[in-house]
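Report on the following structure.
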Amino acid sequence: MKLKFAPVLFGLFASMSVQASEPQAFIGVGINDGVSSINNRWDFNPSVRIGANINDNHRLYGYLEIKKELYNFVASYDYLVPFTKSGDWRGFIGASTGVQIAESSKDDLILGAQTGINYRINKNFNTEFGYRVHDTRRVWKTRNMSQLDTFYISLDFAV
């Protein structure tokens, strides 16, 4: 997959029409455990993300994840379910697609899903603990699904 498809994938998510009263934009940073079947060791990877909470139940965002010589550009949609009346604790489940750019090989499509818990610290900050199962099409063909998972934590700031 060529890099020229990355803007198309991101544009698809960004142009989705959703009825919203007042979307809340956010930017954030995160880190994941980076465990994979390739190296079988803990190798923490940073990420940056930007997106919007469309309303109390819908969220769109994109993130860049950096893994040494790999860069993942991913767009995600999450459905959020409040656990408390105040809405400070929310669970979520969602889907992702994007592109992986590798310095030593061809670019490839990323597909996957994520789930986790989001906590609103105050009106400006959220933190999140999640679990992702996604990887490239090429890698899916060479290993079993149980090896595609990663845990992550992030901190978002409302803008």
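Numbering (this note's numbering), first residue to last: 2 to 160. For each residue, glycine too, the CB sits at the ideal point set by N, CA and C. Quick caveat, the model's predicted, so the values are computed rather than measured.
By the C-beta criterion, the stretch 81-93 is judged to be in contact with the stretch 106-120, since at least 3 inter-stretch pairs fall below 8 Å. Looking at the backbone, the Cα of Asn125 and that of Phe27 are separated by about 9 Å. Proximity to Ala114 across Thr151, Phe84 and Asn46 peaks at Thr151, based on C-alpha coordinates. Measuring C-alpha to C-alpha distances from Glu70 to each of Pro83, Asp34 and Ala103 identifies Ala103 as the nearest. Each of Asp136, Val134 and Glu129 was checked against the Cα of Gly31, and the nearest Cα belongs to Glu129. The secondary-structure analysis by DSSP pairs Val160 with nothing; it has no beta-bridge partner. The residues Arg91, in chain order, have a CB closer than 6 Å to that of Pro83 in the same chain once the five nearest residues on each side in sequence are set aside.
Between the C-alpha atoms of Tyr78 and Ile51 there is a straight-line separation of about 12 Å.
Under the three-state reduction of DSSP, Asn54 is assigned to strand. Secondary structure in the stretch 46-102: the beta strand (DSSP E) runs of 3 residues or longer, each lying completely within the stretch, are 46-54, 59-68 and 71-83 in chain order.
Nearest C-alpha to Tyr64 among Ile55, Asn54 and Pro47: Pro47. Counted as a single uninterrupted DSSP element, the stretch harbouring Ile122 is not any beta strand (DSSP E), since DSSP gives it neither H nor E. Ile67 sits exposed, since fewer than 16 C-beta atoms from the chains shown fall within 10 Å of its C-beta. Counting only the Cα atoms, Glu23 lies some 23 Å from Ser97. The C-alpha of Ile55 lies about 28 Å from the C-alpha of Asp34.
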